[in-house]
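In the numbering used here, the protein residues as written are -8 to 93.
Idealized CB from N, CA, C, for every residue including glycine.
Below is one structure; the comments refer to it alone.
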Amino acid sequence: MTFFHHVYFYPREDARPGDADAIESLCRKHLAGIPGVLRIAVGRPAGTDRAVVDNGYLVALLLEFEDAAAEGRYQEHPDHLAFVAESRPHWASVRVFDTVGR
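Following this line, the structure appears as structure tokens:
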């Protein structure tokens, strides 16, 4: 089964105007070339006006892997670790949802 890794980056209290741009740029710079990443999608809140929709995040990241083992290798890859270190000043917290499907 395909493994999907969803990450939502939430703003700091003292968020700066360029934080979302920086996170998005760093996602593309560091993560797209990691072996095992089948697909990467980076986006921003759509502004959907429904009570069940969370628009409070800055950037959403979706990564697709062949399986959980590939995602596990990604977690330890030096480019992923560099991404975390470089992007950390631009967000306060993340929410992560890992799913499997077709």
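Checklist line | Inter-stretch contact at 8 Å, needing at least 3 Cβ pairs: the stretch 63 to 80 / the stretch 37 to 46 | finding: No: the two stretches stay apart, fewer than three of their Cβ pairs being nearer than 8 Å.
Note to self: Using C-beta distances below 8 Å, list every residue in its chain close to A60, excluding the 5 sequence neighbours before and after it, in chain order.
What the structure shows: Looking up residue 60 in the sequence shown gives position 69. Same-chain partners within the cutoff: there are none.
Item checked: C-alpha distance - I14 paired with G92, whole-angstrom precision -> Within the sequence shown, the letter at position 23 stands for residue 14. Within the sequence shown, the letter at position 101 stands for residue 92. Straight-line Cα distance between these residues: approximately 27 Å.
Item checked: Through-space distance from Y48 to G34, alpha-carbon basis -> As a working mapping, residue 34 is identified with position 43 in the sequence shown. As a working mapping, residue 48 is identified with position 57 in the sequence shown. Spanning the two alpha carbons is a distance of roughly 10 Å.
Notebook entry, point to check: Given A23, which residues of its chain have a CB within under 8 Å of its CB, disregarding the five upstream and five downstream residues?
Noted result: As a first step, residue 23 must be located in the sequence shown, where it is residue number 32. The residues are I31.
Check: What span of residues does the beta strand (DSSP E) with H(-4) cover, start to end?
Finding: Numbered from its first residue, the sequence shown carries residue -4 at position 5. Looking at the DSSP string, the run of the beta strand (DSSP E) that includes H(-4) is -7 to 1.
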